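Student: Residue numbers (my numbering), protein chains in the order written: chain A, 56 to 170; chain B, 20 to 135.
Where a beta carbon is used, it is the ideal one built from N, C-alpha and C, also for glycine.
A quick note: this is a predicted structure, and the numbers were derived from the prediction, not measured.
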């Protein structure tokens, strides 16, 4: 059982380039999340989704876009990469409504550097 | 808005000793859940322990236990018989129980060093 899978694990981008961070889960979880973790800091929510076709902004959404066309996949898009987006990105998933005591399952993260 | 604060950026403990990591939170909700996650150098986020706010009994998972003080809004993690593999960054996290989004709010983290 793979859980939450993120690709790529590492990436270096030039300022102004775009890319998509991929996230897929095989647990049939309705809820999915994207977080960023800056060095020495906690995780901050970028975007989240409570089901296919439904997404919403988190605490730090500027510079990012998401889509959720299937239950399994929740890609994160950076359109114009900026140095401030250098961070480690985590995707997570959780069963849906009524499961607040269930923990989020995290992927292994993507380390992204913008130069 | 809810906040989570970990006031100890770094802690150290001798192998086999006990250490307590602090966490405080601010919320006006009565129904919520609290979690401790461990992040080793491998970067994985690993659930250590969870606590339901409506339960008075403190959660325990093997060598890990919490001291949940609801009135003081305090949620500390106690690690007994510390092992070298416990060295990691530890995050305290909060989520509303009645939330229909399940969003987690994280503290800043505490780096735990275990000395042999």
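Mind pulling the chain C residues with CB within less than 8 Å of residue 120 of chain B?
Tutor: Among the chains of the structure shown, chain C does not appear; the protein chains present are A and B.
Student: Only counting the same chain, and skipping five residues up and downstream in sequence, which positions put a Cβ closer than 6 Å to that of residue 132 of chain A?
Tutor: So the list reads 75 and 120, once near-sequence residues are dropped.
Student: Which chain B residues are close to residue 156 of chain A, counting only those with a beta carbon under 7 Å from its beta carbon?
Tutor: Ordered by position in chain B, the residues that pass the 7 Å Cβ test against residue 156 of chain A are 52, 69 and 71.
Student: Cβ closer than 9 Å: which chain A residues qualify as neighbours of residue 110 of chain B?
Tutor: Within 9 Å Cβ-Cβ: 97 and 98.
Student: DSSP three-state call for residue 122 of chain A: helix, strand or coil?
Tutor: coil
Student: Residue 105 of chain A and residue 151 of chain A: beta carbons closer than 8 Å?
Tutor: yes
Student: Once you ignore the five residues that flank residue 106 of chain B on each side, which residues in its own chain have a CB closer than 7 Å to its CB?
Tutor: 131, 132 and 133
Student: Can you grab the Cα-Cα spacing for the pair residue 134 of chain A / residue 70 of chain A, in whole Å?
Tutor: Rounded to the nearest whole angstrom, the CA to CA distance from residue 134 of chain A to residue 70 of chain A is 10 Å.
Student: For a cutoff of 8 Å on Cβ pairs, would you count residue 115 of chain A as touching chain B?
Tutor: no
Student: Nearest to residue 21 of chain B by CA position, among B:120, B:117 and B:113, is which residue?
Tutor: B:113
Student: Scan the stretch 88-159 of chain A and note each continuous beta strand (DSSP E) run of 3 residues or more that stays entirely inside, going in chain order.
Tutor: 98-106, 109-112, 119-121, 131-133 and 142-149
Student: I think residue 166 of chain A touches residue 86 of chain A, with their Cβ atoms under 8 Å apart; what is that distance to the nearest whole Å?
Tutor: With a Cβ gap of about 24 Å, residue 166 of chain A and residue 86 of chain A do not count as contacting.
Student: Under a CB-based cut-off of 8 Å, is residue 164 of chain A close to chain B?
Tutor: yes
Student: Do residue 54 of chain B and residue 97 of chain A have their C-beta atoms within less than 8 Å of each other?
Tutor: No Cβ-Cβ contact shorter than 8 Å links residue 54 of chain B with residue 97 of chain A.
Student: If distances are taken between C-alpha atoms only, which option among B:61, B:25 and B:88 comes closest to residue 74 of chain B?
Tutor: Among B:61, B:25 and B:88, the Cα nearest to that of residue 74 of chain B is on B:88.
Student: Looking at C-alpha atoms only, which residue of A:111, A:113, A:91 and A:122 is the closest neighbour of residue 79 of chain A?
Tutor: Nearest option by C-alpha distance: A:122.
Student: Could you tell me whether any Cβ in chain B is nearer than 8 Å to the Cβ of residue 143 of chain A?
Tutor: yes
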